[in-house]
Amino acid sequence: MNKLTEAELQFITDMGMHTQGYGLSRIAGQIVAALIISDAPLNTADLMSLLEISKGSVSTNIRFLEMLQLVERRALPGKRQNYFVMRTNPYDSLLELKIKQHKEAKKIITEAKASIKNSKAQEKITELERFNTLYDESVKKLLLELKSER
1 MNKLTEAELQ FITDMGMHTQ GYGLSRIAGQ IVAALIISDA PLNTADLMSL
51 LEISKGSVST NIRFLEMLQL VERRALPGKR QNYFVMRTNP YDSLLELKIK
101 QHKEAKKIIT EAKASIKNSK AQEKITELER FNTLYDESVK KLLLELKSER
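Sequential numbering from 1 applies to the sequence shown in full-length UniProt numbering.
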């Protein structure tokens, strides 16, 4: 990877802090930022050098980002190591994961609503149900908008 500009380094730092604010790993955010700004796929050694992190940190965070379907591995001709890139339309996958999670939450909420008889708890469960429904509808709408822009 070529020498980064001050703005690119700041972007990597800021993305790390941003993802940490969501309870995710700072390194995961930095890896995403590095892959966004890179013109070419990056390997483990590239990420270790660029972010000044261990091989284990790269490996752990890459697996997490693959699970979120944001990042994918690539093999390059003549190269033995794995390379990493942002997936095509990675944010679709992230939103689809959120939709799946909300479907699971809806099931939990429905079961709780049917089995918990305490009226105060019922009010709070109903409020949670409304929030979950609105959030789910918003995520589905966002996904449709993203797809329609292509």
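Just so it is clear, CB atoms sit at the ideal spot from N, CA and C, and this is done for glycine as well.
- Around Arg74, the same chain offers Pro41, Asn82, Tyr83, Phe84 and Val85 as residues with beta carbons nearer than 8 Å, after the five sequence neighbours per side are excluded.
- In its chain, beyond the 5 residues on either side, Gln122 and Ile125 have a beta carbon closer than 8 Å to the beta carbon of Ile116.
- With contact defined as three or more Cβ pairs closer than 8 Å, the stretch 95-106 and the stretch 53-60 are not in contact.
- Under the 10 Å beta carbon count, Ile108 is surrounded by fewer than 16 other beta carbons and is classified as exposed.
- Sixteen is the threshold: since fewer than 16 other Cβ atoms of the shown chains lie within 10 Å of the Cβ of Thr133, the residue is exposed.
- For Arg150, no alpha helix (DSSP H) segment is defined, and its DSSP state is neither H nor E.
- DSSP places Asn43 in the strand class (E or B) of the three-state scheme.
- In this model, Leu146 and Ile53 are separated by some 33 Å (Cα to Cα).
- DSSP, reduced to helix, strand and coil, places Asn2 outside both helices and strands of the structure shown, so it counts as coil.
- By the Cβ rule, the stretch 1-9 counts as touching the stretch 26-45, because three or more pairs are nearer than 8 Å.
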